[in-house]
Amino acid sequence: MDKLLRNKKAIVIFMAPALILFTFILFIPICQSVYYSFCDYNALTPAKWVGLKNYQGLLQDKTLKIALKNSIFFLIYSCVTQLIMGLFLAALLTNIDKGRNLFKNIIYLPCVLSSAALGLLWMFIFSPKLGINQLLQKIGMEGPLWLMDTKGFIILPMWVIAFVALWQYVGQSMMLYMAQISGISKSLYEASYIDGCSKAKSFRYITLPLVRPMVATAMSLNAIGSLKFFDMIFNMTEGGPNHKTEVLATHLYQQGFKYFKYGYASAIGVLLLVLCLAVTLFINKVVKTEPYEM
Amino acid sequence: MKKVSIWQIIIYIFLIVMAVLYLAPLLWTFNVSFKTNKEIFTAPFALPQDATFENFTFAWTAGKLGIATLNSFIVCVVTLLLSMIIGSMAAFGIARLRWKFSHLALVYFLTGMMIPVHCVLIPLFTRFAKVGLSNSLTGLVLPYLTFSLPITIFIMVGFFEGMPNELIESACIDGASIYQIFFKVCLPLGKTGLFVTGLMTFVGNWNELLLAMVFISDDMKKTLPVSLSKFVGPYNTNYSQMFAAIIIAIIPTIVVYCAFSNQIVDGLTAGAVKG
């Protein structure tokens, strides 16, 4: 038995396909990307080492500043709202008896639908003369230019996009919290009711602390998801008006595949990667706790 | 009779409002997709006057959504099958076989979950162009497969670790080889997990836009999310056709979701709860 499980040839056969794919399609390209970020490299010339030039370029790039600001806004917004809404919905759904699955499935539905298609749909709903503004017109109000207004530090289109993203993905957080809550032993709640706790109190003192390990998981998923966010922005505004709704992912796409500045786009990619890793580490350090006995 | 508390009623009202907020945009899209472009502007919320399938036939044929659906289907099914086989093999190797670096291998795969696909876009694009993989469906399957592996391996490791040792021992005593143990004992027992990961892989890749947009330029090889964007132009968006296209793009996932929603949900939570 032991000999069977230590069979070197078998280990190689089982592991090789996945390891090879992973190394060649993910790991080596990442290293290459880091290398390209130090190079002057476009569609016509081969990569030429130029040191930190691309990163210096990043510092002076106005659109990058907007993109970074939007990405960080988006990151914070989605971490906070998804946590609050997700937990809230999960708490509500675990407290009802009838129709729990129905509501759960309806709210989760947009998570599995194509963001590209939903982006087009919401672009229409928020376009100047259609959708929501048609509705507002019926009650005699004039709606704002949802996706074109450029006033303010965080402009209206970013709030709209962030709202739509929350609409689409809150189901995922809700689902994770529900799974964690359903794992909490019923006897804890019963004991708290006998001790005279209200539902709100038992939520505060039992559910919240015990759900904390999942907060770390769900939050890092949200954080990475929000940094990767591309499809919906691309189809709703294409980064416009005047690059005001650009995020890192769309800026990378523009620089890399519209202007073919591979080196520069790689530098944006490295920035994105560093952000992803840093945020995940941060969340796991700050939010994650030792699991309780449940 | 059981007393219905006021809180229960408030909760239900809130949930019903949420449900409307979720279903209304989709139902409305469905409604509008049967209208003419003029009707969208004049009577956006009424039912279509005389429902027409023209928008759908236009989107399907002239908009090349038919061929795009086929491409998406091919890419997704091939990716799903390969990721199930390769992923569960690696998961078995990590969970059951005994070697020094098995834990390290798991960590290696799991870091893949943290890496955004954007970071590998340029190196893959330039290399695929050199080896003739750009503009081909194979060139899409490879990255899709790679990015599906972490979650597949993660979930399947959980399944294989949960299997009782006695099963493998008795198979071993009966003289089964390690490959027979994997294919005839462990894989059939892990089929719930396989099914779940397969579904998640399918849904995820069906919706992927960025890689497909960058790697494929030939109209006949485009996938569904890419072909969708053709329905919007800066000056001439034909809304009713766009809506028909949106419906065509999301109907398959809605059908899959309705049929397997419980398994999809299980899969999502199976992975996360253990992490």
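As given, the protein sequences belong to chains A and B, one line each in that order. Under UniProt numbering, the letters of the first sequence match residues 1 to 294, in that order. Under UniProt numbering, the letters of the second sequence match residues 1 to 275, in that order. Backbone N, C-alpha and C fix where the C-beta goes; we use that ideal spot for every residue, glycine too. Keep in mind the model is a prediction, meaning the values are calculated, not measured.
{"Item": "Nearest candidate by alpha-carbon position, reference I283 of chain A, set A:I268, A:S220, A:L83, A:Q254", "Value": "A:S220"}
{"Item": "Per DSSP, cross-strand counterpart(s) of K261 of chain A", "Value": "A:N42"}
{"Item": "Exposed unless 16 or more other CB atoms sit within 10 angstroms - verdict on A46 of chain B", "Value": "exposed"}
{"Item": "Chain-order list of residues whose beta-carbon lies under 7 Å from that of Y264 of chain A (same chain, five-residue window excluded)", "Value": "N54, G57, Q255"}
{"Item": "DSSP-derived helix/strand/coil call for K48 of chain A", "Value": "strand"}
{"Item": "Contact with chain B by T45 of chain A, beta-carbon distance below 8 Å", "Value": "no"}
{"Item": "DSSP state of W146 of chain A mapped onto helix, strand, coil", "Value": "coil"}
{"Item": "Helix, strand or coil at F282 of chain A [DSSP, three-state]", "Value": "helix"}
{"Item": "Short CB-CB distance (under 8 Å) between V112 of chain A and chain B", "Value": "yes"}
{"Item": "Buried or exposed (CB count within 10 angstroms, at least 16 for buried), R6 of chain A", "Value": "exposed"}
{"Item": "Neighbour flag for P128 of chain A against chain B, beta carbons, 8 Å", "Value": "no"}
{"Item": "Chain B contact for D40 of chain A (CB, 8 Å cutoff)", "Value": "no"}
{"Item": "Given I20 of chain A as reference, the closest of B:I246, B:P143, B:V214 once Cα atoms are compared", "Value": "B:P143"}
{"Item": "Contact the stretch 262–276 of chain A vs the stretch 189–204 of chain A: 3+ CB pairs below 8 Å", "Value": "no"}
{"Item": "Given 8 Å, three or more beta-carbon pairs between the stretch 188–200 of chain B and the stretch 80–87 of chain A", "Value": "no"}
{"Item": "Beta-carbon neighbours of L142 of chain B, restricted to chain A and to distances below 9 Å", "Value": "L21, F24, I25"}
{"Item": "Alpha helix (DSSP H) runs wholly inside the stretch 222–269 of chain B, at least 4 long, in chain order", "Value": "224–228"}
{"Item": "Alpha carbon of I107 of chain A to alpha carbon of G132 of chain B, nearest angstrom", "Value": "42 Å"}
{"Item": "Where the stretch 27–38 of chain A meets chain B: residues whose CB sits under 7 Å from a CB there", "Value": "P29, I30, Q32, S33, Y36"}
{"Item": "Interface flag, I122 of chain B vs chain A, CB-CB below 8 Å", "Value": "yes"}
{"Item": "Residue span of the alpha helix (DSSP H) that contains P123 of chain B, given as start and end", "Value": "118–130"}
{"Item": "Element boundaries [alpha helix (DSSP H), containing S114 of chain A]", "Value": "Here S114 of chain A belongs to no alpha helix (DSSP H), and DSSP marks it neither H nor E."}
{"Item": "8 Å Cβ cutoff met for I115 of chain B and I30 of chain A", "Value": "yes"}
{"Item": "Interface residues of chain A facing C145 of chain B [CB-CB closer than 7 Å]", "Value": "Strictly speaking, residue 145 of chain B in this sequence is Leu, with Cys absent from that position. Per Cβ cutoff of 7 Å: L21."}
{"Item": "CB contact below 8 Å: A90 of chain B versus chain A", "Value": "yes"}
{"Item": "Residue span of the alpha helix (DSSP H) that contains L83 of chain A, given as start and end", "Value": "62–94"}
{"Item": "Where the alpha helix (DSSP H) containing K3 of chain A begins and where it ends", "Value": "2–5"}
{"Item": "Secondary structure of R98 of chain B, DSSP reduced to three states", "Value": "coil"}
{"Item": "Interface partners of A265 of chain A on chain B, CB under 7 Å", "Value": "I122"}
{"Item": "Short CB-CB distance (under 8 Å) between N207 of chain B and chain A", "Value": "yes"}
{"Item": "Per-residue burial, H103 of chain B [other beta carbons within 10 Å of its own, 16 or more giving buried]", "Value": "exposed"}
{"Item": "Per-residue contacts from P17 of chain A into chain B (C-beta, under 7 Å)", "Value": "I86, M89"}
{"Item": "8 Å Cβ cutoff met for F160 of chain B and F14 of chain A", "Value": "no"}
{"Item": "Contact belief for A117 of chain A with I246 of chain B at Cβ below 8 Å, rounded distance in angstroms", "Value": "5 Å"}
{"Item": "Contained alpha helix (DSSP H) runs [length at least 4] in the stretch 12–36 of chain A, N- to C-terminal order", "Value": "28–36"}
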